[in-house]
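Protein chains: 2
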Amino acid sequence: MDFGVRSTAVALDILETVAFAPKEIGVSAIATELGLAKSAVFRHLQTLLDRGYVRRNSATSRYRLGVKLQLLAQLTADEDNLLAAAEGPMSDLRDEVGETIVLSALERSGVRVVATSIRNSMLEIGVRVGSLLPFASSAQGKTILAHLPREMADQLLDSVQGEKILRKLNRELSRARRQGWLESAGEVMPGVNAIAAPIFDASDSCIGAIAVVGLFA
Amino acid sequence: MDFGVRSTAVALDILETVAFAPKEIGVSAIATELGLAKSAVFRHLQTLLDRGYVRRNSATSRYRLGVKLQLLAQLTADEDNLLAAAEGPMSDLRDEVGETIVLSALERSGVRVVATSIRNSMLEIGVRVGSLLPFASSAQGKTILAHLPREMADQLLDSVQGEKILRKLNRELSRARRQGWLESAGEVMPGVNAIAAPIFDASDSCIGAIAVVGLFA
DNA sequence: GAACGATGTTCTCGACCAGAGAACGAAAGA
DNA sequence: TCTTTCGTTCTCTGGTCGAGAACATCGTTC
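First to last, the sequence lines map onto chains A and B. Okay, so the first sequence: first residue is 63 according to our numbering, each after it adds one. Okay, so the second sequence: first residue is 63 according to our numbering, each after it adds one.
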């Protein structure tokens, strides 16, 4: 990483590892998962503990999330609380189309799934909350890219190789801009289809996407 | 700080500064508030931005919280989601006693107010969510201390000076243990009275306190 | 009960990174 | 236009973060 603060990125990795762990998780498990030294993980957990971002079970000395996150989440101004704003429309849309709805937000290295509203059916479609979808090969990613400022999109795409692929991608992006939404078939997972539309904030920046996800008919 | 990761602590300071800022906040404002160099703040914001913890208004290039926090908060296991569990009982209690209810959680350097349920009245009692109450001089702090393991409480208290004060404090702590709750008059703010009771998690560790806060009769 | 393996925690030391401060560019106000 | 203020970039140096080993403490196994 040639920008930003390295050790903080590590700390956030650790925090997210704890967050996504199915239950309490210990120092060694985190260390092997992230490929770090135990001592480093331990020291990072100290600060996170100190600041209330994680809690420690003193019996097992394993870690889980603390309340601080909820406190901070609560502090996001209501007017730009994407999650809260999306909740109603998402379940309405799910009831209307009878398919799974997926909400995702823009991050630098991809599109992060932040919420799902799963249709009532025996067949659950498996997009897990927290997953990171690629920009170049997901309906959500491409929809967001299409509505970002030119240079920002280019910057996010400079890892995409291949002239031919880029041409195809650019055609899709302009189609997304033209029709306001984009479909994609089986890119994230074979047999799974998605239709995505962009979400803008108060200042008209594209900050995420909402998608209907279903199986091939 | 003789433990933990320094730069991460700074990053969290910045994150919390953004969180508690009434609206969008810029690099310089954060830097002066925390007494750091602008360049350092800027670099930290890069990582936080990269990871989705903050968002950047590209018009003003000021910062506010991102969606990542809400995603993580959502991931805390329901069974130990203090905030969600407390919501119902808090408003019940408020309606019953007709006073403001305050929920707080244990942190290393004090007791953090994580939620309030304000009674309907023209006179709002001012405990702001996010404030850090001292261990030694708040009903909440002392109640939590009283129900912590001995050595942990001692460690948190080693900054408290004065033989006489310590004796008085210890008497209050044992009273809190004996009667299960503790009152305190005007310690946090003159004229404001509080009664606090401890909250335990599934493994019987004291993780927070709930308090009724009101004015002197 | 001794030997073992796995865990969390502490320690030391060197490479390297984070932070201070200055400098730049741009935007806003006077 | 001049001035001020802000965000961003640059450079250099001291401090600090990470690897690895050592220690402590568990359960487990024989």
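Glycine residues also receive a C-beta, built at the ideal position from the N, C-alpha and C atoms.
Should residue i and residue j be called a contact, given that it needs their Cβ atoms to be closer than 9 angstroms?
i                     : j                     : result
residue 201 (chain B) : residue 257 (chain B) : yes
residue 181 (chain B) : residue 161 (chain B) : yes
residue 132 (chain B) : residue 145 (chain A) : yes
residue 135 (chain B) : residue 111 (chain A) : no
residue 72 (chain B)  : residue 98 (chain B)  : yes
residue 232 (chain B) : residue 245 (chain B) : no
residue 129 (chain A) : residue 174 (chain B) : yes
residue 274 (chain B) : residue 199 (chain B) : no
residue 119 (chain B) : residue 267 (chain A) : yes
residue 70 (chain A)  : residue 70 (chain B)  : yes
residue 262 (chain B) : residue 105 (chain A) : no
residue 228 (chain B) : residue 197 (chain B) : no
residue 179 (chain B) : residue 212 (chain B) : no
residue 164 (chain A) : residue 272 (chain A) : yes
Cβ of residue i less than 9 angstroms from any chain B Cβ?
i                     : result
residue 206 (chain A) : no
residue 258 (chain A) : no
residue 108 (chain A) : yes
residue 245 (chain A) : no
residue 65 (chain A)  : yes
residue 156 (chain A) : no
residue 133 (chain A) : yes
residue 125 (chain A) : no
residue 79 (chain A)  : no
residue 114 (chain A) : yes
For residue i, name the three-state secondary structure that DSSP assigns.
i                     : result
residue 143 (chain A) : coil
residue 280 (chain A) : This structure gives no information on residue 280 (chain A), because the portion of chain A shown stretches from 63 to 279.
residue 260 (chain B) : strand
residue 265 (chain B) : coil
residue 250 (chain B) : coil
residue 274 (chain A) : strand
residue 86 (chain A)  : coil
With 9 angstroms set as the bound, which would you pick, yes or no: does the beta-carbon of residue i sit closer than that to a beta-carbon of chain A?
i                     : result
residue 176 (chain B) : yes
residue 211 (chain B) : yes
residue 144 (chain B) : yes
residue 267 (chain B) : yes
residue 220 (chain B) : no
residue 202 (chain B) : no
residue 136 (chain B) : yes
Can you round the beta-carbon distance between residue i and residue j to whole angstroms, since I take them to be within the 8 angstroms contact cut?
i                     : j                     : result
residue 167 (chain B) : residue 114 (chain A) : 7 angstroms
residue 195 (chain A) : residue 172 (chain A) : 6 angstroms
residue 303 (chain A) : residue 127 (chain A) : No answer is possible for residue 303 (chain A): it lies beyond the span of chain A, which begins at 63 and ends at 279.
residue 264 (chain A) : residue 154 (chain A) : Between residue 154 (chain A) and residue 264 (chain A) the Cβ distance is about 22 angstroms, and since that is not below 8 angstroms, they are no contact.
residue 152 (chain B) : residue 177 (chain B) : 7 angstroms
residue 148 (chain B) : residue 205 (chain B) : Not a contact, Cβ separation roughly 15 angstroms.
residue 92 (chain B)  : residue 103 (chain B) : 5 angstroms
Any chance you could list the alpha helix (DSSP H) runs of at least 4 consecutive residues sitting entirely within the stretch 161-217 of chain A, in chain order? Counting whole runs of 4 or more residues, the stretch 161-217 of chain A contains the alpha helix (DSSP H) stretches 201-208.
In chain order, each beta strand (DSSP E) run of at least 3 residues that lies wholly inside the stretch 91-131 of chain B: 116-119 and 124-127, all fully within the stretch 91-131 of chain B.
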